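Residue numbers (full-length UniProt numbering): 1 to 436. Note that beta-carbon positions come from the ideal geometry of N, C-alpha and C, so glycine has one too. Keep in mind the model is a prediction, meaning the values are calculated, not measured. The structure under discussion appears below in the form of structure tokens.
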Amino acid sequence: MKRKVLVIGSGGREAVTVWKIKDCLDPNVEIHCAPGNAGMEPMAKLHDVKTNDIDGLCALAEKLRPDIVIPGPEEPLVLGIADRLSTLGIACVGPSAKAARLEGSKVFAKRFMRRHNIRTAHFRVFDDLNEALQNIIGMFHDYDGLPDSPAIVIKTDGLCGGKGVLIPANEEDAVEGINDIMEKKKFGSAGDRIVVEERLRGHECSFIVLTDGKNVVPLLPAVDYKRRFEGDEGPNTGGMGAYCPNPLITPNLHEEIIEDIVLPTIRGMTYEGNPYRGFLYFGLMITENGPYVLEYNVRMGDPEASVILPLVDCDITELLIAAATGDISGIELKWKNAAAVAVVLTAENYPKGKSEGASIYGLTEARSLGALVFSAGVLPPKIFGQPLITYGGRILEVVGVGKDFTTARGIAYAGAEVIQFRDKAYRPDIAARLIK
């Protein structure tokens, strides 16, 4: 039977999702993407509907009547796309708007974890600028005897595209950051409330599961690089690179994460009347005292999806349909015995700025070297047959898959080097810690 799939989004995560579905299924599959990007045109039919246009997306879904809708980014989920599609009888791999508050509101997420005894950093919530500034001085103390060592993290309550987390270097930075968020409204209404929490030390891990509201199918754990520059310096970004699997996640630790964090989250949402379906991302810090939750995301990570999905060794579409409509108990994903590394190519001035109108060269050469290239911030050429052009902060995700991390990393960086566009930038240290 012919399958029809609608993917919502326009970034690298959506590009790799479309690629994986196309890679898994026979030629009869019909893939649509709204709005998609120019690099996805060979794989999917694109529809010019924005991800925050819920009415437009529902009208498109009603016209297409797909077997399944897969929202990539968080915004349409927080705005209630899954609820609206449900009323139309269309299956959606994603949570309701109420359940999507796990990502849509940091305050909701932290208080939810507190209610259900899920390990997370100690925190306080502020909705008043003066109260926040008065209390920040007492919170900012020397950490482990190191003067001016960052001891707190400041987070906006609402969505900021992965850029609403500040790790102040000292008290002065903390005050400036709070003023930027709450007084100058750097992130708009997303910063009306802030969470100030203790800074945890350890190793970060991206742990993603697919759930039907009761059962879970874990994906391979990954690691992403959020800071803009080499050595984890500079501002937070949407993600500069990733690798998978995460060798620090032993079988025992994996079981601990499932039993102490994942299942209590799923059960807690059901208990509170907001059963959760779809992908659920746990941003974890693996400390000497065990795993702690830094954040929830109500979708796959980006760029984590670009290193996880290429390692899936089976058709994921039936699993996605089962998660959205029924029961995934007893279903297991098969995985390749391999490693994957992703290097994100960005504009030089990212995350503050973006690249516009620069021709992109070397995509064919990168693929000839074995790299997978997933498009994100691109537009079609002005003249047919000419190269794609840049339009965004994160332009491309270049992925290497190999028998080990040395091989995978070599392929990814070889591909990243031959691709050229004006003011190209990338981090040179993705997965470097794994190379002996």
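- If you ignore the 5 residues before and after residue 230, its C-beta comes within less than 8 Å of the C-beta of 427, 428, 429, all in its own chain and listed in chain order.
- One alpha carbon belongs to residue 262, the other to residue 381, and they sit about 44 Å apart.
- DSSP links residue 224 through a beta bridge to 242.
- Assignment of beta-bridge partners to residue 285 by DSSP yields 204, 292.
- Cβ contact annotation for residue 350 (same chain, cutoff 6 Å, sequence separation greater than five): 393, in chain order.
- Ranked by Cα distance from residue 412, the first of 433, 367, 377, 423 is 367.
- Closest by C-alpha distance to residue 37, out of 285, 396, 215, 115, is 396.
- The beta carbons of residue 8 and residue 54 sit no closer together than 8 Å.
- At least 8 Å separates the beta-carbon of residue 304 from that of residue 202.
- DSSP places residue 426 in the coil class of the three-state scheme, outside both helix and strand.
- For the 8 Å CB-CB criterion, residue 76 and residue 52 form a contact.
- A Cβ-Cβ separation of about 6 Å places residue 68 in contact with residue 5 under the 8 Å criterion.
- By DSSP's assignment, residue 129 forms no beta bridge with any residue.
- Contact check for residue 205 against residue 187 fails: the beta carbons are separated by 8 Å or more.
- Excluding residues up to 5 positions away in sequence, 241, 242, 303, 306, 307, 397, 399 lie with their Cβ nearer than 6 Å to the Cβ of residue 342 in the same chain.
- Note on residue 97: 16 or more other CB atoms within 10 angstroms of its CB, so buried under the neighbour-count rule.
- With respect to the 8 Å criterion, residue 354 and residue 377 are classified as neighbours on the basis of their beta carbons.
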